[in-house]
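The sequence shown runs 565 to 908 under this note's numbering. All residues carry an ideal CB built from backbone N, CA and C; glycine is no exception. The structure presented is a predicted model; accordingly, all values stated were derived computationally and were not measured. For reference, the structure is listed below as structure tokens.
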Amino acid sequence: MLYVLYGPDDYRAQAEAESIARAALVDGDAADPSRLDGSTASWESVRAACVNQSLFSSVQVVVVRGLLGRWTGKSDDGGSTAARPSPGEFAAFVGALPPTTHLILLEGELRADSRYLRPLVGLAADRARILSFSRLKDAALTDWMRRQTRARGGSIDPDAAELLAARVPENLALVSQEIDKILCYTAPTGHIRREDVQLLVPEAAYGNVFALIDAVGAKKGGVAAELTHALLEGGVAPEQLLALMLGRIRDLLLLATGQAEGVSAAQVAANAGWSDGRRANVTRGRSDFTLPELIDAHRLLMAADQALKSRPVHERATVTLVTFVTIAQRTESAALAEALPLGI
């Protein structure tokens, strides 16, 4: 069975891919899905991954990102056309896949009239499913929020969903994070009201949050201090800023560690399940830090997280501000420990 998931909404496409993979792996299967990077994987390696089933699993699940986009030339590396099948050959291969093989292609913004999609449309429903994921807006976006909230055991009022859609940019990953955060705040009822969104989701804050992350990476301590102060004054929680910065440093550390062990950036991204946009952002920011700097920054952020949970409330803003400036200036965490003990 082939699944082609494409369109600009990478978050929903990725979620659907993981749902398909989980459903395909029946109870007792020990193997995880095989994941390939379509920008570098050869046609032979894709075929082999589909055919060579694991001895420890009754099914074979293969997830490939960006394969058809490369074959159609959108992100081609200039290789010979002999290294890829024709659209008809690929459709014939899909039609002959055994029922125990599930090939999932995550294609991003692939054109709907792609020459590789056309012959697949004619295949039977039990051979190929082609799903397009456009960006959600207006009523479709708020409906998605309500369904996601219900799936997580909560509920959200219509006016709360509308306000959340207005305050968070068109990025479902961020919307999902905000829903999780507000559900934690409203526990045990899990009922999200407009007042909860007003309290916990600052208006138009995310642009400055990402500017802060960029300033830290660019070693701009003064800019990082100004943005941190402005965000905290604007109502963004220190924990939220710390979580976003920690996520960024973890991604960079994962990439740097993989490269140090001889693993390509493409393979690190494929193994981690990063979207194309996330992979591009992390790869672009990798040169901002050395590996020792990333290790020290991660250590400091973990200590700061513990400090926010254990130290007096009036120190929370100071801990956050000094932590970010320390990382931006590439000052070793030991120096901060002397000025503001964090248990490092």
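Review point. Where does Val625 sit, in a helix, a strand or coil, going by DSSP?
Key: Stepping through the sequence shown from its first residue, residue 625 is reached at position 61. In this structure, Val625 counts as strand in the three-state DSSP scheme.
Notebook entry, point to check: In whole angstroms, what is the alpha-carbon distance linking Glu879 and Thr887?
Noted result: Position 315 of the sequence shown, counted from the start, is the residue given in the question as residue 879. Position 323 of the sequence shown, counted from the start, is the residue given in the question as residue 887. Those two C-alpha atoms are separated by around 12 Å.
Short Cβ contact (9 Å threshold) for Gly637 with Leu670: Here residue 637 corresponds to residue number 73 of the sequence shown, with the count starting at 1. Here residue 670 corresponds to residue number 106 of the sequence shown, with the count starting at 1. No, they are not a contact pair.
Task: Cβ pair count under 8 Å reaching 3, the segment 725-744 against the segment 757-767 - done: yes
Between the segment 827-843 and the segment 801-811, do at least 3 Cβ pairs fall closer than 8 Å? no
Item to complete: Determine the direct distance from the alpha carbon of Lys783 to that of Glu857, and round the result to whole angstroms.
Response: Within the sequence shown, numbered from 1, the residue matching residue 857 stands at position 293. Within the sequence shown, numbered from 1, the residue matching residue 783 stands at position 219. Approximately 12 Å, taken between the alpha carbons.
**Prompt:** What runs of the beta strand (DSSP E), each 3 residues or longer, lie entirely inside the segment 690-734?
**Reply:** 692-696
Exercise for review: Please look up how many angstroms separate the CB atoms of Ile743 and Met709, rounded, as I've assumed it's under 8 Å.
Suggested key: Within the sequence shown, the letter at position 179 stands for residue 743. Within the sequence shown, the letter at position 145 stands for residue 709. Going by Cβ atoms, the distance from Ile743 to Met709 rounds to 7 Å, so yes, they are a contact pair.
**Request:** Compare the Cα-Cα distances from Gly841 to each of Val610, Thr753 and Asn735 and report the closest residue.
**Result:** Residue numbering aside, residue 841 sits at position 277 when the sequence shown is read from its first letter. It is Asn735.
Legend entry - Nearest to Thr895 (by Cα), restricted to the options Ala871, Arg863 and Trp607: Along the sequence shown, one-based indexing puts residue 895 at 331. With distances taken between Cα atoms, Thr895 lies closest to Arg863.
- Item | Buried or exposed (CB count within 10 angstroms, at least 16 for buried), Thr665 | Numbered from 1 along the sequence shown, position 101 holds the residue referred to as residue 665. It is buried - the Cβ of Thr665 has at least 16 other Cβ atoms within 10 Å.
- Task: Could you say which of Ser696, Leu806 and Leu796 lies nearest to Ile777 if we only look at CA atoms?
- Result: What you label residue 777 is simply residue 213 of the sequence shown in a count that begins at 1. For the residues Ser696, Leu806 and Leu796, the minimum Cα distance to Ile777 belongs to Leu806.
*asked:* Quick check: the segment 597-617 against the segment 643-662, are at least 3 beta-carbon pairs closer than 8 Å?
replied: yes
Q | Reduced DSSP secondary structure (H/G/I, E/B, other) of Leu566 | A | Within the sequence shown, the letter at position 2 stands for residue 566. Strand at Leu566.
**OP:** Report all residues from its chain with a CB closer than 7 Å to the CB of Ala779; omit the five preceding and five following residues, and keep chain order.
**Re:** One-based indexing of the sequence shown puts residue 779 at position 215. So the qualifying residues of the chain are Val787, Ala788, Leu791 and Ala892.
**Asked** Which of helix, strand or coil does DSSP assign to Leu670?
**Response** As a working note, residue 670 is residue 106 in the sequence shown. Looking at Leu670 - three-state DSSP - the assignment turns out to be strand.
By the 10 Å Cβ neighbour count, where 16 or more other Cβ atoms means buried, how is Pro597 classified, buried or exposed? Within the sequence shown, numbered from 1, the residue matching residue 597 stands at position 33. By the neighbour-count rule (16 or more Cβ atoms within 10 Å), Pro597 is buried.
Nearest to Ser740 by alpha carbon, out of Glu759, Thr706, Asp723 and Arg758? To locate residue 740, count along the sequence shown from 1; it is residue 176. Among Glu759, Thr706, Asp723 and Arg758, the Cα nearest to that of Ser740 belongs to Thr706.
Quiz item: By DSSP, does Asp574 sit in helix, in strand, or in coil?
Solution: Walking along the sequence shown from the start, residue 574 turns up at place 10. Here Asp574 sits in helix by DSSP.
*asked:* Is the beta carbon of Ile668 closer than 9 Å to that of Gly718?
replied: Position 154 of the sequence shown, counted from the first residue, corresponds to residue 718. Position 104 of the sequence shown, counted from the first residue, corresponds to residue 668. No. Outside cutoff.
How should Pro572 be labelled, buried or exposed, when 16 other C-beta atoms within 10 angstroms of its C-beta is the threshold for buried? In the sequence shown, the residue the question calls residue 572 occupies position 8. Per the 10 Å Cβ criterion, exposed.
Checklist entry - DSSP beta-bridge partners for Arg599? => result Here residue 599 refers to the residue found at position 35 of the sequence shown. The partner list for Arg599 (beta bridge, DSSP) reads Val627.
- Buried or exposed by the 16-neighbour rule on C-beta atoms within 10 Å, applied to Thr854: To locate residue 854, count along the sequence shown from 1; it is residue 290. Counting Cβ neighbours within 10 Å, Thr854 comes out exposed, since fewer than 16 surround it.
message: Just to confirm before moving on: does the CB-CB distance between Tyr570 and Leu738 stay below 9 Å?
response: Taking the first residue of the sequence shown as 1, we reach residue 570 at position 6. Taking the first residue of the sequence shown as 1, we reach residue 738 at position 174. Not a contact, by the Cβ cut-off of 9 Å.
* Asked: How is Thr792 classed by DSSP in three states: helix, strand or coil?
  -> Numbered from 1 along the sequence shown, position 228 holds the residue referred to as residue 792. Three-state DSSP puts Thr792 in a helix.
Between the C-alpha atoms of Arg693 and Pro752, what's the straight-line distance to the nearest angstrom? Locating residue 693 in the sequence shown gives position 129, counting from the first residue. Locating residue 752 in the sequence shown gives position 188, counting from the first residue. Taking the straight line joining both Cα atoms gives about 39 Å.
For Thr665: DSSP bridge partner residues: On the sequence shown, residue 665 is found 101 positions in, with the first residue counted as 1. Paired residue(s): Gln624.
**Study point:** Spatial distance of Phe654 from Ser698 (CA atoms)
**Key:** Within the sequence shown, the letter at position 90 stands for residue 654. Within the sequence shown, the letter at position 134 stands for residue 698. Each residue's Cα considered, the two are about 25 Å apart.
- request: Have a look at Gly754 and Pro651 and give me their C-alpha separation to the nearest angstrom.
  value: Within the sequence shown, numbered from 1, the residue matching residue 754 stands at position 190. Within the sequence shown, numbered from 1, the residue matching residue 651 stands at position 87. Roughly 49 Å separates the two Cα atoms.
### Query
Along the chain, where does the alpha helix (DSSP H) that runs through Asp860 open and close?
On the sequence shown, residue 860 is found 296 positions in, with the first residue counted as 1. Per DSSP, Asp860 belongs to the alpha helix (DSSP H) from Leu855 to Ser874.
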